[in-house]
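According to my numbering, the residues represented by the sequence shown are 1 to 126, in order.
All residues carry an ideal CB built from backbone N, CA and C; glycine is no exception.
Right, one structure below, let's go through it.
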Amino acid sequence: MTTRTERLHLEGFGAAPAEARAEVAVLTPSERLKRAAIVFGAFIAVALIALPIPLVHFVVVPTGLLLAVVLGLLRLRDGEIFRGVEGRCPFCGTEQQFALFGRYRLPRTVDCAHCHRRLTLEGDQP
Ligand SMILES: [Zn+2]
């Protein structure tokens, strides 16, 4: 797995954009398969646990199998994922780290931990 740092900016309605940096992990095909297998296995396990429970198994088993396939395939597509984002809030100026995970795509919305305003994480190109 290789990581790279992206220079982005945080925007808020009515405020000047502020700089932000994102750590992005670039996954190899085997790492993508491993991430997908973890989700797939977790939902298969839920389905297996619900199997002997009367009535519950009519809902939980098909739902677990469906989620295992769908979420597994979605994770398999994730070639680049967020490892962390840090930046300064354009409203209150607080330097902070944002809890942002999953597929690397822009724009993404985050909330300032200090003033709780909605911010948009954007790339350099408008
Ligand atoms: Zn703020």
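Integer Cβ distance of residue i from residue j, believed to fall under 8 Å
i          : j           : result
residue 10 : residue 106 : At roughly 11 Å, the Cβ-Cβ gap does not stay under 8 Å, so residue 10 and residue 106 are not in contact.
residue 87 : residue 42  : The pair is not a contact, with the Cβ atoms about 32 Å apart (cut-off 8 Å).
residue 78 : residue 103 : 5 Å
residue 98 : residue 110 : 5 Å
The alpha helix (DSSP H) enclosing residue i, as first and last residue numbers
i          : result
residue 49 : 29 to 50
residue 58 : 56 to 77
Cβ neighbour criterion (16 or more within 10 Å) applied to residue i
i          : result
residue 36 : buried
residue 81 : buried
residue 58 : exposed
residue 55 : exposed
Beta bridge counterpart(s) of residue i as assigned by DSSP
i           : result
residue 9   : 19 and 122
residue 101 : In DSSP, residue 101 forms no bridge with anything.
Opening and closing residue of the beta strand (DSSP E) in which residue i lies
i          : result
residue 82 : 80 to 88
How about the segment 58 to 66 and the segment 20 to 36: do they share at least three Cβ pairs that are nearer than 8 Å?
no
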